[in-house]
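As they're listed, the protein sequences go chains E and V.
Counting in this note's numbering, the first sequence runs from 1 upward without gaps.
Counting in this note's numbering, the second sequence runs from 1001 upward without gaps.
For each residue, glycine too, the CB sits at the ideal point set by N, CA and C.
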Amino acid sequence: MMELRYNPLTDEWIIVSAETQKRPVQPSKNQCPICPGGVEFPDTVYDLVAFENRFPSLKKEPPKVDDKGYGPFRKKESYGVCEVVVYTSEHDSSFPKMPLLQIEKLVEMWVDRTFELSKNDFVKSVFIFENRGKEVGASLPHPHGQIYAFPFIPKRIETKLKAMQTWYIENKKCVICEVLGSEKKERIVAETTHFVALVPFYARFPYEVHVYPKRHISNLLEFHDEEKKDFARILKIVTMKYDKLFEQEFPYMMMFFQSPFNTEDFSDFFHFHVEFNPPKRDKDKLKWMASVETGTWTFINPVLPEEAAKMLREVEVDF
Amino acid sequence: MFLFGIPFSKGYFLKEEDNYTIKWKVENFDFGWKISWSVKGNVGDLEIFKIKNKDNFRVFSFFAFSDAQLMSFLKIFNGEIKILEEDDDLIFKVSYEQKFFEKFTPEESFVMLNFEDKLVLLNFLRNLLKKENEQKRKSKLLKLVEEEYLIANNIKEVDMNLKGKVIILNDFIDKYNSEEIQKLRKNNLVFAKSRNYLENISDVDGFIINGDFEEIYLISNITNLILLDFEDNFDLEWKNLFRNVHLDGINQNTDFVESIVKIKNEDNYYIVEYLTGNEKVFLKLDFSNKKYIKEKIPFININKNKVLRDDGRIFNFYGGDEK
Ligand SMILES: [Zn+2]
Ligand SMILES: [Zn+2]
């Protein structure tokens, strides 16, 4: 059973995908489906690989939805692509542990996946993300992320687009470019030639970090070669700092926000960015997406962003 | 003239179709008419307005005008504006795609203005749009950019600061005197010209493609004069330009235009960066030497191998052999 259902209360689409219930949950190491020799790669060795999810929520050729609903109950086909992106064949590695070269290759792969997926006319948004740690529901410890190529612009991305457009109309400038121009040291976590990592003024999560390219770029396809390499570097720095912060494998949701594809041009005011949303509020404490956060999209951040930035800035990493 | 498929007339209307309902009104307005509508249901592509004889009209991003008539979208909240030229018809459309509207959408609007003096109409439109853009409930940004304004107004004031602009000339410019051309030239402008205009002006710098390089007609088939200002809408305008031109040696189609990722100005070059399947191509347009250079770099710096599995899934392997 798979289809998109419309929620007229919030003007958003819900992906109904009954198959996802069959996903594996925390298998032991010898059952890892994405290790070489595992169920996805029975006789294959690989370096990096992106493949279509065995249990996708969206499909290039989704089942037909003949009955498009009635009254307030609307539905349509689940066009889209769901890919698993395996970062390395080394099961026990992790983003911060991977050599820089491997992350550089990963960036190349992300660029190419974005390009390939955006060639499908039905794709409006290419969302690259990683759920790390069981705290955020990662079902496999093997280093990997995912990509959802959506047939619509998801609600929160739409909200960002609208806000950034409004800012642009009123201020004649891209808002992230303006943030970059106005940020002082107090919220900066790390800076490289082409990127800035910071705990934003408007952080929703205690140790939230955003990565902004210094140049106005709206999606991965616009990255220059030096920017691609530098992007790998800043992501490694941020994730290493996270792991060292409380000397533990720091769970996070890492999400890339790119301008939409195959629709109007948002590139003037949409600035590519990465959000790290970690669920931790202290070494042993979690911040949940509970009623207020989920129900109202209002976040109560118990850690002052400037304090979090200072802690993360002072964690030294080298590689 | 047809409005929502029926002959144009003033008043209030309601049209109910299987999947959608439109209501609209046509009211008197300064210099003409204002048409406001709202829709409900699953509209898809909606034809707002159709003119039977398009010959006198020139089409811009969201408006079109003839000598004494200006038709423009004014307020759009949903959907994409499309102005199509089909046979003799000029069709103004809004594509609402797959959107479903449970109740009537906020009113969107369109104006038809008539007046002998184009400048007056353009200024009037500009003020209307300005007001729209100041509204709290924001319409999609419709902005009369300087270029369009000048083009539409037959470029009366060429002596404005045009430094760094690219000018494409064509037969339309025949009305233009050579003195003006000289002014442009003094300002170090770059010209691209279509063949039918070449003979007339021998001493214009430019992007003149003839013979070896010149016979390629890098730019031909231009139907409009296009003024490009690379400070504001540089990329966008270039893309529009490439929509109208024929590039030899490059598979010219809309994909090409869509695959352009960047156009930038570097000393004597304009660099058009576009993507093909797996590589990035840099097209260096060299105005001073009147030639172009094509450079390809792999779009990604990594090996790639695509495998189709028995179950129909595609696996993309990357890396492996270290380069
Ligand atoms: Zn594994
Ligand atoms: Zn920006």
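Taking C-beta pairs closer than 9 Å, name the residues in chain E that residue i reaches, listed in chain order.
| i | result |
| --- | --- |
| E1108 of chain V | By Cβ distance, chain E contributes nothing, its closest Cβ being about 16 Å from E1108 of chain V, past 9 Å. |
| L1275 of chain V | F115 and L221 |
| Q1098 of chain V | K76, P151 and F152 |
Closest Cβ-Cβ distance between residue i and chain E: below 8 Å?
| i | result |
| --- | --- |
| F1317 of chain V | yes |
| N1078 of chain V | no |
| N1301 of chain V | yes |
| G1320 of chain V | yes |
| D1018 of chain V | no |
| K1093 of chain V | no |
| R1126 of chain V | no |
| K1304 of chain V | yes |
| F1008 of chain V | no |
| F1230 of chain V | For F1230 of chain V, the predicted structure reports a pLDDT of 36, less than 50, and the residue's modelled location is therefore unreliable. The matter cannot be settled from this model. |
| E1237 of chain V | The predicted position of E1237 of chain V is uncertain, since its pLDDT is 49 and thus under 50; a value taken from the coordinates is nonetheless stated next. No - not a single Cβ of chain E is within 8 Å of the one on E1237 of chain V. |
With a threshold of 8 Å between beta-carbons, can residue i be considered close to chain V, or not?
| i | result |
| --- | --- |
| R204 of chain E | no |
| D121 of chain E | no |
| M98 of chain E | no |
| E12 of chain E | no |
| E264 of chain E | yes |
| D365 of chain E | For chain E, the structure presents residues 1 to 319; residue 365 of chain E sits outside this window and is missing. |
| D67 of chain E | no |
| D92 of chain E | no |
| V16 of chain E | no |
| M2 of chain E | no |
| R5 of chain E | no |
Going along chain E, which residues have a C-beta under 8 Å from residue i?
| i | result |
| --- | --- |
| E1102 of chain V | P8 and P72 |
| I1314 of chain V | F51 and E52 |
Against residue i, what residues of chain V qualify as contacts under a CB-to-CB distance less than 8 Å, listed in chain order?
| i | result |
| --- | --- |
| K214 of chain E | Under the 8 Å cutoff, chain V gives no residues; its nearest Cβ is about 16 Å from K214 of chain E. |
| K105 of chain E | I1302, Y1318 and G1319 |
Since residue i meets chain V, which of its residues come closer than 7 Å, beta carbon to beta carbon?
| i | result |
| --- | --- |
| L48 of chain E | Y1318 and G1319 |
| M109 of chain E | I1302 and Y1318 |
| D43 of chain E | Under the 7 Å cutoff, chain V gives no residues; its nearest Cβ is about 12 Å from D43 of chain E. |
Going along chain V in order, which residues have a C-beta closer than 9 Å to the C-beta of residue i?
| i | result |
| --- | --- |
| M164 of chain E | None at all; the shortest Cβ gap to chain V is about 12 Å. |
| K236 of chain E | Correct list: empty, because the minimum Cβ distance to chain V is about 17 Å. |
| D230 of chain E | Within chain V, no residue comes near D230 of chain E; the closest Cβ sits about 14 Å away, beyond 9 Å. |
| D284 of chain E | Simply none; closest approach about 37 Å. |
Tell me, to the nearest whole angstrom, how far the beta carbon of residue i is from that of residue j; I am working on the premise that it is less than 8 Å.
| i | j | result |
| --- | --- | --- |
| L48 of chain E | Y79 of chain E | The pair is not a contact, with the Cβ atoms about 26 Å apart (cut-off 8 Å). |
| V189 of chain E | L312 of chain E | 5 Å |
| I1048 of chain V | F1057 of chain V | With 8 Å as the limit, I1048 of chain V and F1057 of chain V do not qualify as a contact, their Cβ atoms being about 15 Å apart. |
| H273 of chain E | V209 of chain E | No, H273 of chain E and V209 of chain E are not in contact; Cβ-Cβ is about 11 Å, not under 8 Å. |
| E83 of chain E | N53 of chain E | 6 Å |
| I169 of chain E | I147 of chain E | About 31 Å; that fails the 8 Å criterion. |
| F319 of chain E | L101 of chain E | No, F319 of chain E and L101 of chain E are not in contact; Cβ-Cβ is about 11 Å, not under 8 Å. |
| Y46 of chain E | S17 of chain E | That belief does not hold up - the Cβ atoms of Y46 of chain E and S17 of chain E are roughly 27 Å apart, past 8 Å. |
| K214 of chain E | E104 of chain E | Actually they do not touch by this definition, with Cβ atoms about 19 Å apart. |
| L1113 of chain V | G1032 of chain V | 4 Å |
| D230 of chain E | F205 of chain E | With a Cβ gap of about 25 Å, D230 of chain E and F205 of chain E do not count as contacting. |
| F115 of chain E | L1275 of chain V | 7 Å |
Check: Does the pairing of the region 137-155 of chain E with the region 93-106 of chain E give three or more beta-carbon distances under 8 Å?
Finding: The region 137-155 of chain E, when compared against the region 93-106 of chain E, does touch it at the 8 Å Cβ threshold.
Checklist line | Contact the region 163-174 of chain E vs the region 182-190 of chain E: 3+ CB pairs below 8 Å | finding: They do not touch, by the three-pair rule.
Note to self: Taking 8 Å as the cut-off, does the region 240-252 of chain E touch the region 270-290 of chain E (at least 3 CB pairs, one atom from each stretch)?
What the structure shows: At 8 Å Cβ cutoff, the stretches touch.
Check: With a cut-off of 8 Å, do at least 3 Cβ pairs link the region 1099-1114 of chain V to the region 1036-1044 of chain V?
Finding: Flag = yes, the region 1099-1114 of chain V and the region 1036-1044 of chain V touch.
Notebook entry, point to check: Does the region 290-308 of chain E come close enough to the region 193-201 of chain E that 3 or more CB-CB pairs lie under 8 Å?
Noted result: Touching, yes, given that three or more Cβ pairs across the two stretches are closer than 8 Å.
Notebook entry, point to check: When the Cβ atoms of the region 262-273 of chain E are set against those of the region 104-124 of chain E, are three or more pairs found closer than 8 Å?
Noted result: At 8 Å Cβ cutoff, the stretches touch.
Check: Would you call the region 5-12 of chain E and the region 62-75 of chain E in contact, with 3 or more CB pairs under 8 Å?
Finding: Yes: at least three Cβ pairs fall under 8 Å.
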